[in-house]
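**Q** Please read through the structure below; I'll follow up with questions.
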Amino acid sequence: MFDITTAQPIATFCKDCSECPQLFVDESAPPEQRIVLTDDFGSHVRMSAGQFSDIVAQAKSGALDTII
C-alpha cells in the first residue's frame, strides 16, 4: 500500500480540484517501485525510475501527442 507520508511529492498535474493526479518518489520502496503516480480516483501506479524516464523521453519526442 502506498503511504503518502513517506513519499516525496514531485509534481501535481492540475490545480483546479482537491484530488489532482500527483507524482511522488517513495525512497522506502524497492527500486522497481519508487516512482508513484496517483490519480484522482484514489488509485496509484508504481514504476522504476527507468520506466518513468522512458515515459518522459517518449513525451518529449512527441510520441504521446496523439493521445491529447
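Each number in our numbering comes from the position in the sequence shown (counting from 1) with 13 added on.
Just so it is clear, CB atoms sit at the ideal spot from N, CA and C, and this is done for glycine as well.
It should be emphasised that the depicted structure is a prediction, and the values quoted were computed from it without experimental measurement.
Return the chain-ordered list of same chain residues with a C-beta closer than 6 Å to the C-beta of residue 25, the five sequence neighbours on each side being excluded.
**A** The answer, listed in chain order, is 33 and 35.
**Q** Rounded to the nearest angstrom, what separates residue 21 and residue 39 at their Cα positions?
**A** Their Cα atoms are separated by approximately 6 Å.
**Q** Just list the residues that DSSP pairs residue 25 with in beta bridges.
**A** In DSSP, residue 25 forms a bridge with 35.
**Q** Got a sec, what are the start and stop residues for the alpha helix (DSSP H) residue 68 sits in?
**A** Unbroken alpha helix (DSSP H) run through residue 68: 62–74.
**Q** Beta strand (DSSP E) containing residue 51: first to last residue?
**A** 48–51 is the extent of the beta strand (DSSP E) around residue 51.
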